[in-house]
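Residue numbers (my numbering), protein chains in the order written: chain A, 130 to 303; chain B, 255 to 500.
Ideal Cβ placement from N, Cα and C applies to all residues, glycine included.
On a predicted model such as this, the values are computed, not experimentally measured, just so you know.
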């Protein structure tokens, strides 16, 4: 497998590297395209905690939708706590305002005893729909996102996967 | 090139396409299942008292305590792709300027009702039972601690004078003497794979809209005298959802 790397012509090698770059940029474009379509900065998220069990487990993949800002009670939203960049997936249990006033939401994890008031930034008792919320959950695929949890928990896996992907693309010949 | 690597790649590629196709077929086919949910919801009692959001708070707010009776049959919501139904009852009331701002809404009670084939989880609803007698046979024991009354199936709820799970308040801290309030039953069907679905009041294809499951009421004036603690208890249910927020 590795001996064949030396046999490659420079032109062929360049073509393979370009091919790899094409794969990466296509994936990136798809992601950004989906982002524009759903109007969400992160249209697909992976569940990181068990706070919505048994509906969502760690590693489940969620599809978000962020068009139409009239979030209703009972919807499951993904929000970022101000000042922290951790997406949290919880259900809306109260809503106030909307229309001409800013929409304020209170959320709670199905598996938690208390609502999220303690999780929010200091002095904040409600989420601002337009500022804090990334999107509303509309679709669900179980378990598929577990790879990303493994990748973030074992960083060496990231390097290993990248090297493996690069090698397979470069070494593959049509 | 028929080396091991390409074979493994081909097998994995074929597996993912088949898995994707099957998942898509399952997710879309739920529109073929017929749904005929029905419910009747009654308000039993509503009180408004002063309280604090938590023990160390100095803020005094008005809290509403709502008891209700519910007789619902949501069993047809459980099709081949249903993992659980999250049933919840909300209280909604007009905002201060009803012309430009929609109603405010808050959850009063909720329950996670798992499908029969869902794995066991500590955070699923346990339906109250009438009899206090200890179960004699194994069958009787097994029929207790379910999300539905003994002998029934998932989605059946028969609650009488049910205490709320949450006391509710308004963003302004005042909730007494508001008129035109409504108590409404909602649900969220959580699939094994595919789209999440919420309650429909209008009929969509084979899914009949829910009739009933609504009750109009008014928030009473603030209680002048101290209310009895026993009357203001909330029922968190026997489910052990005691996880820390995260």
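Asked: For residue 229(A), return the contacting residues in chain B, with the cut-off set at a CB-CB distance below 7 Å.; Found: 354 and 355
Asked: Shorter than 8 Å from the beta carbon of residue 249(A) to some beta carbon of chain B?; Found: no
Asked: Given a threshold of 16 other Cβ atoms within 10 Å of its Cβ, counted over all protein chains shown, does residue 278(B) qualify as buried or as exposed?; Found: exposed
Asked: Just how far apart, CA to CA, sit residue 169(A) and residue 263(A)?; Found: 6 Å
Asked: Are the beta-carbon atoms belonging to residue 355(B) and residue 349(B) less than 8 Å from one another?; Found: yes
Asked: Are the C-beta of residue 206(A) and some C-beta of chain B separated by less than 8 Å?; Found: no
Asked: Would you report the Cα separation of residue 267(A) and residue 363(B), rounded to the nearest angstrom?; Found: 23 Å
Asked: Pull up the CB-CB distance for residue 304(B) and residue 476(B), whole angstroms please, since I reckon it's below 8 Å.; Found: 7 Å
Asked: Excluding five sequence neighbours on each side, which residues of the same chain lie with their C-beta closer than 8 Å to the C-beta of residue 164(A)?; Found: 170, 171 and 172
Asked: Could you say which of 145(A), 175(A), 155(A) and 158(A) lies nearest to residue 276(A) if we only look at CA atoms?; Found: 175(A)
Asked: Residue 231(B) to residue 448(B), Cα distance in whole Å?; Found: Nothing in the structure corresponds to residue 231(B), since chain B is present only between 255 and 500.
Asked: Does the beta carbon of residue 269(A) come closer than 8 Å to any beta carbon on chain B?; Found: yes
Asked: Report buried or exposed for residue 409(B), applying the criterion of at least 16 other Cβ atoms within 10 angstroms of its Cβ.; Found: buried
Asked: Interface residues of chain B around residue 255(A) at Cβ under 9 Å?; Found: 425
Asked: In chain order, what residues of the segment 219-245 of chain A put their CB closer than 7 Å to some CB of chain B?; Found: 222, 223, 224, 225, 226, 227, 228, 229, 230, 233, 238, 239, 240, 241, 242, 243 and 245
Asked: In the segment 265-293 of chain B, which residues sit with their C-beta less than 9 Å from some C-beta in chain A, listed in chain order?; Found: 277 and 281
Asked: When you compare only the Cα positions, how much space is there between residue 374(B) and residue 336(B)?; Found: 15 Å
Asked: Check whether the segment 272-286 of chain A and the segment 179-193 of chain A are in contact - that is, three or more C-beta pairs closer than 8 Å.; Found: yes
Asked: In the DSSP assignment, the beta strand (DSSP E) including residue 298(B) goes from what residue to what residue?; Found: 292-305
Asked: Is the CB of residue 296(B) under 8 Å away from at least one CB in chain A?; Found: no
Asked: What did DSSP end up calling residue 278(A) once you bin it into helix, strand or coil?; Found: helix
Asked: For residue 203(A), is the classification buried or exposed, using 16 other Cβ atoms within 10 angstroms of its Cβ as the cut-off for buried?; Found: buried
Asked: Show which residues of chain B have a CB atom less than 8 Å away from the CB atom of residue 183(A).; Found: 337, 338, 366, 368, 372, 373, 375, 377 and 378
Asked: Return the residues of the segment 446-480 of chain B that lie within a Cβ-Cβ distance of less than 8 Å from chain A, sorted by chain order.; Found: 446, 447, 448, 449, 450 and 452
Asked: What residues in the segment 263-294 of chain A bring their beta carbon closer than 7 Å to a beta carbon of chain D?; Found: No chain D appears in the structure shown, which is made up of the protein chains A and B.
Asked: Measuring straight from C-alpha to C-alpha, what distance separates residue 307(A) and residue 275(B)?; Found: Nothing in the structure corresponds to residue 307(A), since chain A is present only between 130 and 303.
Asked: Which partner residues does residue 340(B) have in the DSSP bridge list?; Found: 366(B) and 442(B)
Asked: Going by beta carbon distance, what residues of the same chain come within less than 7 Å of residue 418(B), once the five residues before and after it are set aside?; Found: 319, 320, 321, 362, 363 and 488
Asked: Out of curiosity, what's the CA-to-CA distance linking residue 438(B) and residue 353(B)?; Found: 22 Å
Asked: In this structure, does DSSP put residue 171(A) in helix, strand or coil?; Found: coil
Asked: Of the choices 200(A), 143(A) and 243(A), whose alpha-carbon is the least far from that of residue 233(A)?; Found: 200(A)
Asked: Determine whether the beta carbon atoms of residue 332(B) and residue 369(B) lie at a separation below 8 Å.; Found: yes
Asked: Verify the CB distance criterion: does residue 440(B) have a CB-CB separation below 8 Å to chain A?; Found: yes
Asked: Is there contact here, the segment 247-254 of chain A with the segment 204-214 of chain A, by at least three beta-carbon pairs under 8 Å?; Found: yes
Asked: Secondary structure at residue 228(A), three-state DSSP: helix, strand or coil?; Found: coil
Asked: Bridge partners for residue 192(A) per DSSP, in chain order?; Found: 173(A) and 268(A)
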